[in-house]
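Taking UniProt numbering, I'd label the letters of the sequence shown as residues 1 to 98.
In this text, a Cβ means the ideal position worked out from N, Cα and C, and glycines have one as well.
Have a look at the structure below before the remarks.
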Amino acid sequence: MPKGERDVEMKNVEQAKDKSSDTNSDSTSFHDSETKRLRQQQLLQDMEKKYEALSEEWKKIQMQSIDDMNFMQLMELCRHKGMSEKLIQQILELTSSK
């Protein structure tokens, strides 16, 4: 093979290698970005689950506070209406045993 043809052939081989490494680089870059996207999606789902759990917990706390408040208002009403302490104590025992 004459020297000129060999140089052209070598140049073609080098260009093919460059294209091959570019393709590998692109696929690696795509793989990295896809992995990052999946990781972010998983983090988002985890955070949504935690938010839902905290929301449920907050609702329970709010309901308990409302129950406590209603109970205290009920007890105050009982005292105001002149119920005996013994009757109020029985109400307390019944409600606390639930």
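C-beta atoms of residue i and residue j nearer than 8 Å
i: I88; j: R79; result: yes
i: F71; j: T95; result: yes
Bounding residues of the alpha helix (DSSP H) (the contiguous stretch that carries residue i)
i: K86; result: 85 to 96
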